[in-house]
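Below you'll find the structure, written out as structure tokens, and then a few comments.
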Amino acid sequence: MSDRQWDVPHWRSAPLAIVYALLASLGLCASVFPRSGLEWLWFIVLWICLVSCWWTLLRITSIESQADAPTQPAVAIAGKVIASTASNDATRILQSEAAQFLSLAGHDLRQPMQAIALFSATLAAHDLPEPSQKLVSGIEAAAETLSTQFEEVIAIAKLEGGRVSFNPTSVSMRAMLASSVAAQMSAAHDKDLHLRHVSTSLRAQADETQLANVLDRLIAHALRITETGGVVVGCRRRGDRVRVEVWDSSPGIAAEFEGEVFQPFSKYGQRLPDHALGLALAHRLALRMGGEIALRSRPGKGNVFTLSLPRVTGRNGQ
Numbered sequence: 000m001s002d003r004q005w006d007v008p009h010w011r012s013a014p015l016a017i018v019y020a021l022l023a024s025l026g027l028c029a030s031v032f033p034r035s036g037l038e039w040l041w042f043i044v045l046w047i048c049l050v051s052c053w054w055t056l057l058r059i060t061s062i063e064s065q066a067d068a069p070t071q072p073a074v075a076i077a078g079k080v081i082a083s084t085a086s087n088d089a090t091r092i093l094q095s096e097a098a099q100f101l102s103l104a105g106h107d108l109r110q111p112m113q114a115i116a117l118f119s120a121t122l123a124a125h126d127l128p129e130p131s132q133k134l135v136s137g138i139e140a141a142a143e144t145l146s147t148q149f150e151e152v153i154a155i156a157k158l159e160g161g162r163v164s165f166n167p168t169s170v171s172m173r174a175m176l177a178s179s180v181a182a183q184m185s186a187a188h189d190k191d192l193h194l195r196h197v198s199t200s201l202r203a204q205a206d207e208t209q210l211a212n213v214l215d216r217l218i219a220h221a222l223r224i225t226e227t228g229g230v231v232v233g234c235r236r237r238g239d240r241v242r243v244e245v246w247d248s249s250p251g252i253a254a255e256f257e258g259e260v261f262q263p264f265s266k267y268g269q270r271l272p273d274h275a276l277g278l279a280l281a282h283r284l285a286l287r288m289g290g291e292i293a294l295r296s297r298p299g300k301g302n303v304f305t306l307s308l309p310r311v312t313g314r315n316g317q
């Protein structure tokens, strides 16, 4: 018996999905008989919601059909039996399919969060009693935190799903450090922290955009856990590698947490607003560029996050 019997039906085109939704909405219209303008407005909203639901189902089944293609192992998504003898390969494929699904669904999932942010901002503009203002402020803060976490999850899903491209070039670390520090200067000022970088003439082999993403997250994390003092970013040459170091003056990370700082939603991650999703993404991006990130904590004195990358030698580097 085929395990496909439990799948939702496959609709192969968006127009057909819209036709189904239109028929369903017309049936509802016939049973309600809207008369006033407000009732017609609710009818239109209902129709839009139905179209969105059918379109989402269309995208889900499209991804499932790709997973069942003859060129791929037969891996079930949502509790089905994995029909592959190589369990490790099947698990990796399953994770890749899940990441692709999440990255594809990102646009649709962003819409309700953007709506929440818009509605809360509109509500905050009204003259509300003080208790209501506090509630609206809480909603705005929660929506911002949710949006940050969601963007990191989607970024990780795109990376794991193979939807992120890398173009390694010779990157000037002087310009890269200056740009990354400038991007985080406002956050440092908000906490009255010092943030600076040490100039360097070294060059590294990396994707410039993704390297900026890694440094942004490392510096942002350092600022987040530092309450007094500041953060310093610099480079060292170690053989055929460039070692970027991010020093902070935080209380340090306890030894019990050092092994899980790059694991999202770990015990250490629970102490951070983004649940360590930023560090997890930075670690994954570094590995894809042929680099690695390490942590050296100094309890009571601070931490050093080290990013090691291939060094460019010869005419373009030292």
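According to numbering that gives the first Met the number 0, the residues represented by the sequence shown are 0 to 317, in order. Each residue gets a CB set at the ideal place from its N, CA and C atoms; glycine is no exception.
Ser249 is classed as buried because its beta carbon has at least 16 other beta carbons within 10 Å across all chains shown. Shown here for Gly233: same chain residues with a beta carbon closer than 6 Å to its own, the five before and five after excluded, namely Val197, Glu244 in chain order.
Boundaries for Val152: no beta strand (DSSP E) harbours it, while the alpha helix (DSSP H) harbouring it runs 129-159, taken from the DSSP string. Residues His282, Ala285, Leu306 of the same chain have their beta carbon placed closer than 6 Å to that of Ile292, with the five preceding and five following residues left out of the count.
Here Leu145 is not near Val241, since their CB atoms are 8 Å or more apart.
Looking at the DSSP output, Ser296 bridges to Asn302.
In terms of CA proximity to Lys190, Gly228 leads the group Asn302, Glu139, Ala174, Gly228.
With a cutoff of 8 Å on beta-carbon distance, Glu150 and Ser119 are scored as not near each other. Here the alpha carbons of Lys157 and Asn302 stand approximately 30 Å from one another. Using a Cβ distance threshold of 8 Å, Met112 and Ala205 do not count as a contacting pair.
At a Cβ-Cβ threshold of 8 Å, Gly277 and Ala219 count as neighbours. Across the structure, Val311 and Leu134 are spaced so that their CA atoms are roughly 53 Å apart.
Taking the C-beta atoms as reference points, Ile155 is found no nearer than 8 Å to Ala253.
For Asp189, the enclosing alpha helix (DSSP H) starts and ends at 172-189. If you check the CB distance, Leu192 and Leu222 come in under 8 Å.
According to the DSSP secondary-structure assignment, Gln204 is paired through a beta bridge with Ser169. Rounded to the nearest whole angstrom, the C-alpha separation of Ser169 and Ser131 is 54 Å. Assignment of Arg162 by DSSP, reduced to helix, strand and coil, places it in the coil class.
With a beta-carbon spacing of about 6 Å, Gly299 and Gly251 fall inside the 8 Å limit used to define contacts.
The beta carbon of Asp247 is closer than 6 Å to those of Ala221, Thr225, Val230, Gly301, Asn302 in its chain, skipping five residues each way along the sequence. Listed in chain order, the alpha helix (DSSP H) elements of length 4 or more contained wholly in the region 204-262 are 207-224. The DSSP-derived three-state label of His274 is coil. Linking Pro167 to Met175 through their CA atoms gives a straight-line distance of about 14 Å. Shown here, Ser307 sits in a strand according to DSSP, grouped into three states.
Minimum Cα-Cα distance from Ala177 among the listed residues Ala142, Phe165, Glu257, Thr199 corresponds to Thr199. Within the same chain, Cβ atoms closer than 7 Å to the Cβ of Ala203 are found at Val170, Met172, Val241, Leu308, Pro309, Arg310, Val311, the five residues on either side in sequence being excluded. Annotated three-state conformation of His282 is helix, per DSSP.
One Cα belongs to Lys266, the other to Thr147, and the distance between them is close to 19 Å. Secondary structure at Leu192: coil, using DSSP grouped into helix, strand and coil. Ser296 and Leu122 have their alpha carbons spaced roughly 44 Å apart.
With distances taken between CA atoms, Asn212 lies nearest to Ala182 out of Gly238, Arg195, Ala182.
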